[in-house]
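Participant: One structure coming up, written as structure tokens, with questions to follow.
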Amino acid sequence: MSQRKFSIITINYNNKEGLRKTIESVVGQSFRDFEYIIIDGGSTDGSIEVIKEYAGKVDYWVSEPDKGIYHAMNKGVLQAHGEYLNFMNSGDEFYNNGVLQEVAPSLDSDIVVGKIVHGTEVWGFHKEDITLMDLIRGTVLHQASFFRKELFDENRYDESYKIVSDWKFYIQTLIFNNATFRNIRSIVCRFVPGGVSETDAGTRDMERKRV
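In structure tokens form, the structure reads like this:
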């Protein structure tokens with residue numbers, strides 16, 4: 001079978017309603033050249049029943065205990081075979097059904113970054129090229145990013161971090177792998193406010209200093 005353009009990965013733990021919303025936004029995409037992977041951390045709230053409802057549209061799923069968000073994301077990477085990976089985790093959703101169709105022609109860099117809707121605001125970079133200083137000063141949400149699969153041949157998310165491992169991944173791929181970044185105008189996702197990176201600012205700042 002030929003390689004799919006996208007691997008969409010969703011991780012979930014005890015968030016069945018958020019999971020359903022995310023799944024609907026993925027399987028409803030008009031662009032069909034993607035595989036869909038769900039990594040569940042052993043949910044007990046009915047999430048498994050939600051996944052089974054969509055079993056015919058999910059290429060791979062598993063439900064078992066994991067060691068945290070980045071361990072789960074790494075498990076998803078190991079199952080992915082697409083040209084580009086996107087992490088649309090439980091509770092978040094694609095902005096509309098045409099996102100993948102709109103993004104596909106722009107996949108000419110190692111990491112392609114779009115914009116997000118956060119509450120009533122649109123967040124994202126305002127220039128096409130993203131530099132190391134941009135990454136150090138700002139935050140790039142993985143939900144709006146598309147990663148060339150080969151980047152994960154040498155790198156994984158650092159599971160010793162609870163909050164900023166995705167931020168570290170951007171920086172280390174730029175420094176050590178000379179990864180190319182492209183910022184696009186497309187709004188990729190609706191982001192659910194109130195995640196751990198926002199509510200536990202102390203841990204986030206401490207971990208950033210470690211990086």
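Okay, so the sequence shown: first residue is 1 according to full-length UniProt numbering, each after it adds one. From the three backbone atoms N, C-alpha and C, an ideal C-beta is built for every residue, glycine too. As the structure is a computational prediction, the values presented were derived from the model and not from experiment.
In chain order, what residues of the same chain have a beta carbon less than 7 Å from the beta carbon of D59, not counting five sequence neighbours either side?
Facilitator: Your numbering for residue 59 matches position 59 in the sequence shown. Around D59: E35, Y36, I37.
Participant: Give me the Cβ distance between N97 and G28, rounded to the nearest whole Å; I'm assuming they're in contact under 8 Å.
Facilitator: The residue you call residue 97 lines up with position 97 of the sequence shown. The residue you call residue 28 lines up with position 28 of the sequence shown. Yes, N97 and G28 are in contact; Cβ-Cβ is about 5 Å, under 8 Å.
Participant: Less than 8 Å between the beta carbons of Q101 and F146, yes or no?
Facilitator: Position 101 of the sequence shown holds residue 101. Position 146 of the sequence shown holds residue 146. No, the pair does not count as a contact, with Cβ atoms beyond the cut-off.
Participant: Work out the CA separation of F94 and N178 for me, nearest whole Å.
Facilitator: The count along the sequence shown starts at 1 and reaches residue 178 at position 178. The count along the sequence shown starts at 1 and reaches residue 94 at position 94. About 29 Å.
Participant: Between V122 and V188, how many whole angstroms is the CB-CB distance? I'm expecting something under 8 Å.
Facilitator: Working through the sequence shown from its first residue, we reach residue 122 at position 122. Working through the sequence shown from its first residue, we reach residue 188 at position 188. With a Cβ gap of about 11 Å, V122 and V188 do not count as contacting.
Participant: Using the C-alpha atoms, what's the distance from T180 back to S186?
Facilitator: The residue you call residue 186 lines up with position 186 of the sequence shown. The residue you call residue 180 lines up with position 180 of the sequence shown. If you take the alpha carbons of S186 and T180, they lie about 18 Å apart.
Participant: Three or more C-beta pairs under 8 Å: does that hold for the segment 138–145 against the segment 82–90?
Facilitator: Cβ pair count under 8 Å is three or more, so yes.
Participant: Can you list the beta strand (DSSP E) stretches of 3 or more residues lying completely in the UniProt domain "Glycosyltransferase 2-like" (7–131), in chain order?
Facilitator: Segments of the beta strand (DSSP E) lying fully in the UniProt domain "Glycosyltransferase 2-like" (7–131): 34–40, 60–63, 84–87, 111–118, 121–123.
Participant: Less than 8 Å between the C-beta atoms of I23 and Y54, yes or no?
Facilitator: Indexing the sequence shown from 1 puts residue 23 at position 23. Indexing the sequence shown from 1 puts residue 54 at position 54. Yes, they are a contact pair.
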